[in-house]
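Down below is the structure, laid out as structure tokens.
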Amino acid sequence: MDLFEANVMAFGDGDNDIELLRMSSHSYAMENASPAFLQVADQIAPHHKDQGVLTILEDYLGYRKKGW
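Sequential numbering of the sequence shown, starting at 203, is according to the numbering used here.
This is the structure in structure tokens:
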């Protein structure tokens with residue numbers, strides 16, 4: 203399977219995730235990440251305790267908008 207940057211969405215909250223975020227076209231730092239890490243991502247996802255990844259994925263896929 204070939205993955206292209208345009209097809210990759212990445213989430214992270216720590217230094218070990220920086221390279222992954224830099225490789226993806228849709229990069230999200232979790233709201234609870236360090237201030238320095240927040241500068242790496244293109245966008246900020248809600249706190250992990252608020253199901254931030256799920257919230258972003260539902261929005262991206264249109265799930266929340268349709269009310270399923």
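Each residue gets a CB set at the ideal place from its N, CA and C atoms; glycine is no exception. Remember, it's a predicted structure, so these values are computed and weren't measured experimentally.
The residue from D215, N209, A208 and V210 with its alpha-carbon nearest to that of H250 is D215.
Secondary structure at H249: coil, using DSSP grouped into helix, strand and coil.
Excluding the 5 residues flanking it on each side, L240 has same chain C-beta neighbours closer than 7 Å at A231 and I246, in chain order. The straight-line gap separating the alpha-carbon atoms of Y262 and P248 is approximately 14 Å. G254 carries a helical assignment under DSSP once its states are collapsed to helix, strand and coil.
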